[in-house]
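Reviewing the structure listed below.
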Amino acid sequence: MAVKKSELYSLLWEACNKLRGGVEPARYKDYVLILLFFKYVSDRYKGVAFGDFTVKPGASFDDLIEAKGKPDIGERVDKILQSFLETNQLQGSLPDVSFNNEDELGKGKELVDKVTGLISIFQNPAIDFKTNRASGDDIIGDAYEYFMMKFAQESGKSKGQFYTPSEVSRIMARLIRIGEIVNTPDKKWTLYDPACGSGSLLIRAADEAPTDDSGDSIVTIYGQEKDHSTAGLAQMNLILHQKGTGEIKRGNTLSDPQLIDGYGQLKRFDFVVMNPPFSDKSWSDGVDSNDRFNRFAGFGMPPAKNGDYAWFLHVLASLNDKGKAAIILPHGILFRGNSEETIRKQIIDRKYIVGIVSLPANLFYGTGIPACIVVIDKENADKHEGIFMIDASRDYMKDGNKNRLREQDIERIIRTFNNKEEIKGYSRMVTYEEIMEKNDGNLNVPRYIQPIDNGLTHNVEAHLLGGIPNTDIESLSTLWEISPELKKILFKEINGRPNFKALCCRLSEIEEIINNDTNIVAEIRKEKEELFQQWKDKVEKCFKEINPATNPKLMIREISDCLLQAYSDAVIVDQYDVYDVLLNYWNEKLQDDIYVILNLGYVAAREIEYIYKQKKEKKNGVEQMVDDKTKVKSFDGVLIPKTIITDLYFANEQEEINSLELKAEALIQEIEELAEEHCVEEGLLEVFTEEGFNLNKTNVNKRIKDIKNKEAYDEEFRLLTQIKILYDDQKKIQDELKEKQSRLDEAIIKRYQSLTEEEIKEILFEHKWMLTVQERISRLLLDLQSELISRVKSIIERYEYTLGELETDVQEVEKKVKANLERMGFAW
Numbered sequence: 166m167a168v169k170k171s172e173l174y175s176l177l178w179e180a181c182n183k184l185r186g187g188v189e190p191a192r193y194k195d196y197v198l199i200l201l202f203f204k205y206v207s208d209r210y211k212g213v214a215f216g217d218f219t220v221k222p223g224a225s226f227d228d229l230i231e232a233k234g235k236p237d238i239g240e241r242v243d244k245i246l247q248s249f250l251e252t253n254q255l256q257g258s259l260p261d262v263s264f265n266n267e268d269e270l271g272k273g274k275e276l277v278d279k280v281t282g283l284i285s286i287f288q289n290p291a292i293d294f295k296t297n298r299a300s301g302d303d304i305i306g307d308a309y310e311y312f313m314m315k316f317a318q319e320s321g322k323s324k325g326q327f328y329t330p331s332e333v334s335r336i337m338a339r340l341i342r343i344g345e346i347v348n349t350p351d352k353k354w355t356l357y358d359p360a361c362g363s364g365s366l367l368i369r370a371a372d373e374a375p376t377d378d379s380g381d382s383i384v385t386i387y388g389q390e391k392d393h394s395t396a397g398l399a400q401m402n403l404i405l406h407q408k409g410t411g412e413i414k415r416g417n418t419l420s421d422p423q424l425i426d427g428y429g430q431l432k433r434f435d436f437v438v439m440n441p442p443f444s445d446k447s448w449s450d451g452v453d454s455n456d457r458f459n460r461f462a463g464f465g466m467p468p469a470k471n472g473d474y475a476w477f478l479h480v481l482a483s484l485n486d487k488g489k490a491a492i493i494l495p496h497g498i499l500f501r502g503n504s505e506e507t508i509r510k511q512i513i514d515r516k517y518i519v520g521i522v523s524l525p526a527n528l529f530y531g532t533g534i535p536a537c538i539v540v541i542d543k544e545n546a547d548k549h550e551g552i553f554m555i556d557a558s559r560d561y562m563k564d565g566n567k568n569r570l571r572e573q574d575i576e577r578i579i580r581t582f583n584n585k586e587e588i589k590g591y592s593r594m595v596t597y598e599e600i601m602e603k604n605d606g607n608l609n610v611p612r613y614i615q616p617i618d619n620g621l622t623h624n625v626e627a628h629l630l631g632g633i634p635n636t637d638i639e640s641l642s643t644l645w646e647i648s649p650e651l652k653k654i655l656f657k658e659i660n661g662r663p664n665f666k667a668l669c670c671r672l673s674e675i676e677e678i679i680n681n682d683t684n685i686v687a688e689i690r691k692e693k694e695e696l697f698q699q700w701k702d703k704v705e706k707c708f709k710e711i712n713p714a715t716n717p718k719l720m721i722r723e724i725s726d727c728l729l730q731a732y733s734d735a736v737i738v739d740q741y742d743v744y745d746v747l748l749n750y751w752n753e754k755l756q757d758d759i760y761v762i763l764n765l766g767y768v769a770a771r772e773i774e775y776i777y778k779q780k781k782e783k784k785n786g787v788e789q790m791v792d793d794k795t796k797v798k799s800f801d802g803v804l805i806p807k808t809i810i811t812d813l814y815f816a817n818e819q820e821e822i823n824s825l826e827l828k829a830e831a832l833i834q835e836i837e838e839l840a841e842e843h844c845v846e847e848g849l850l851e852v853f854t855e856e857g858f859n860l861n862k863t864n865v866n867k868r869i870k871d872i873k874n875k876e877a878y879d880e881e882f883r884l885l886t887q888i889k890i891l892y893d894d895q896k897k898i899q900d901e902l903k904e905k906q907s908r909l910d911e912a913i914i915k916r917y918q919s920l921t922e923e924e925i926k927e928i929l930f931e932h933k934w935m936l937t938v939q940e941r942i943s944r945l946l947l948d949l950q951s952e953l954i955s956r957v958k959s960i961i962e963r964y965e966y967t968l969g970e971l972e973t974d975v976q977e978v979e980k981k982v983k984a985n986l987e988r989m990g991f992a993w
């Protein structure tokens, strides 16, 4: 059966979370992730003679399954895992957990049930990693990432900092342009994270790098992490993402850096990414002011109670002469004074900083304070002209109690930065001279980029004398760009007042005028159909030629680039809003389809998923609900929804069923209307108001039998006979419906099975993927059109009445109120 990644992750998470009980998320994650890791390694390497791991008899996931339900399950699981770790020399490399820990997992039956339940979750047939390396590895690696993200969300402020949100990681990986390096025999590229946490940031950056002929990244990964348990998570993460050769060191990076070259100095790297602890107050513990690695020489010593620049300078010292880095730090590093100001000016003088991206607040799991990405480039630093700044602090969406970057926000940052595109209120290249001479080395982004105020101030003259200010009208520039003549249709000059205009039509007519404007209609059609068709033509081959060599992550990059290009000249819709539509659909559904096709081929579209009715069944003396495989409740296609097959091949049959359903509903409605009229006190059917005696078919038949041939009940008898006929007719229709639906379902199932590969490709492309994206873009355009109309109306309504007219209205109302009060005998 096809695996759908997003559904699988959600299912696994819900199951694991249900079993968590009182265990802290920060701790529980270690149990869950170790089992996920062990399941993967066991599936992939059991029985493999010369694999990356050795899985011996008695030390596999199958042995965990054998331990389920046993009174000593905790002890058994610990022994199995310990045997595996010893065989593969992994002792101390993974998080330290014991499945026999009664303090965390409970005692007796509680522990047995909890550990048994956890093992059962990972028995899910959908997560069998024995076959299909490409698809399987993506699933396990991404599942691991998903679990870490969820645990970070649950862990709270103090314990969620082991995980960098994937949206931020993706930005950093592309800002350092690691994807542009070239694989050559004489160059070994290196990537380093001095505060690697769970390794997510390292993996995102490595994934961005090119691969060699075997499909492996051409960069060698290095990391160091202070927390031993978190370092174990990182090591597992690398293995599950096919980067097991990466080296994760344990220890305090600032006081005891582990990655040292042959001369006893810091090893230097081509690329560095880092999200260190913000404003670390204990950074200097164990750090000598006469640092033997000369990290602070020429810059100055960072303040003892704030480690932001200590981490910054460690990164500088860890980069080779052409090295590039992207690091996340709090905004304070951009403007704080004293020793930090001295260090900052030294760094600016050396022209190492080439970019700053100001991010929204509350993005990170370990803190709510706003942060920025600082981009460093040591290559030809003396030729750098300035720092390219982006203020992305207002671009985000709410996601629970955190903020999250949208897909469009991510892509806008990356493209704007890499193209050095200056956008008013968003991005700007700032020279080092301006920073040092005019701003004394202060890098605070709001000094250089001021947000655009789209608010319109009230015009006093317009409120006093009437008319609509030209400035307000010109704020509707999108409308006038599309249809310059529309301005003349809506507004006219006012004699003697050149800065104001009057409305040419009634307010109630504006919506119709705009909606029917030929230029507006043409532009909407262009953006909904023509631009979409341009994109569709470019990506059709990509969607119809998915094969084992297809990389889904590169595929979405390619098709989304094409979409941005197609909509680059759109006027109504922003190209990044359209990009967001595609990426949201990709994350929700489309990527699942692509991975299914990668795993099983296009023929997976012939597969059907059945939902069965439930039945009670006793298992180990406990009654539980299970699927009754003899009774199908409903079904749907794995890749192609049943509705699409129905619409394409069985529209007439479905129309017949719809018609019968309407007839059945009409009969029920008629019965309900009769009940509403007569099932009342002193009504003909008063007897049906008694509790437990409703006007259903059984009770109607019983009542007819009771009053038959009784003259006193003739009128009631006739009415009940009429209702009985309605029920009988409805039953006939339901029987016919059931038969027709059964025949249609059989025909649909046969049609699924007979679909050719070409038909499958056409249906998926035209009737599922493209149709969904186009419908969402159409809804977006409709919303934007309505928004434009609302803005026009809002400007007009603002000045619809002058102050004098309002005062006159108030006086009239006041007179009426006084008159009414006088009639009531009140003096005012």
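For the sequence shown, my numbering gives the first residue as 166, with consecutive numbering after it.
Every residue gets a Cβ at the ideal spot worked out from N, C-alpha and C, and that includes glycine.
All of these numbers come straight from a predicted model, not from anything done at the bench.
query: Own chain partners of D445 with C-beta closer than 6 Å, once the 5 adjacent residues on each side are dropped; result: G472
query: Cβ-Cβ distance between Y517 and L481 below 8 Å; result: yes
query: Buried versus exposed, by CB contacts within 10 Å (16 or more), S300; result: Its pLDDT being 40, under 50, S300 is placed unreliably by the model, and the measurement read from it follows with that caveat. Buried, since its Cβ has 16 or more Cβ neighbours within 10 Å.
query: Beta-bridge pairing of K567 - partner residues as DSSP gives them; result: D564
query: Under 8 Å between C-beta atoms of I534 and P495; result: yes
query: The alpha helix (DSSP H) enclosing W448, as first and last residue numbers; result: Counting along the chain, W448 falls outside any alpha helix (DSSP H), and DSSP gives it neither H nor E.
query: Proximity of F312 and L198 at Cβ, strictly below 8 Å; result: yes
query: Same chain, Cβ closer than 7 Å to D293, neighbours up to 5 away in sequence not counted; result: D208
query: Inside the region 373 to 426 only - beta strand (DSSP E) runs reaching at least 3 residues; result: 384 to 390, 412 to 415
query: Distance between V262 and E189 (C-alpha atoms, nearest Å); result: 13 Å
query: Sequence-distant residues of the same chain with beta carbon closer than 7 Å to H628, five excluded per side; result: Y964, T967, L968
query: DSSP state of N545 mapped onto helix, strand, coil; result: coil
query: Expected contact under 8 Å - CB spacing of Y732 and L696 to nearest Å; result: 6 Å
query: Close Cβ partners of E880 (< 8 Å) along its chain, the five nearest in sequence each way excluded; result: L849
query: Where V803 falls: helix, strand or coil (DSSP); result: coil
query: Proximity of S382 and A371 at Cβ, strictly below 8 Å; result: yes
query: One or two residues paired with W354 in a DSSP bridge; result: V384
query: For A491, three-class secondary structure by DSSP; result: strand
query: Residue closest to K778, alpha-carbon to alpha-carbon, out of R771, G766, D792, L765; result: D792
query: For F436, the nearest candidate out of E345, I341, E847, K666 (CA to CA); result: I341
query: CA nearest to the CA of F316, picked from L884, F202, R185, L366; result: R185
query: Cβ contact check for the region 678 to 693 and the region 910 to 925: 3 or more pairs under 8 Å; result: no
query: Touching by the beta-carbon criterion (3+ pairs, under 8 Å), the region 561 to 580 and the region 498 to 512; result: no
query: Inter-residue Cα distance where the pair is N348 and I368; result: 18 Å
query: Reduced DSSP category for S824 - H, G, I as helix; E, B as strand; rest coil; result: helix
query: Expected contact under 8 Å - CB spacing of L229 and V242 to nearest Å; result: 6 Å
query: Outcome for N874 when other beta-carbon atoms lying within 10 angstroms are tallied against a minimum of 16; result: exposed
query: Helix, strand or coil at M337 according to DSSP, with G and I counted as helix; result: helix
query: Residue from T329, G590, L936, G223 whose Cα sits closest to the Cα of K701; result: L936
query: Cut-off 6 Å between Cβ atoms - residues of its own chain near K652, not counting five sequence neighbours on either side; result: W645
query: Range covered by the alpha helix (DSSP H) that runs through V686; result: 683 to 690
query: Where the beta strand (DSSP E) through K995 begins and ends; result: With the chain running from 166 to 993 in the structure shown, residue 995 is simply not present.
query: Per-residue burial, T863 [other beta carbons within 10 Å of its own, 16 or more giving buried]; result: exposed
query: Extent of the continuous alpha helix (DSSP H) run through E643; result: The question names Glu, but residue 643 is Thr in the sequence shown. T643 -> alpha helix (DSSP H) spans 642 to 647.
query: Sub-8 Å separation of I810 and Y917 beta-carbons; result: yes
query: Alpha-carbon to alpha-carbon, K666 and L672; result: 14 Å
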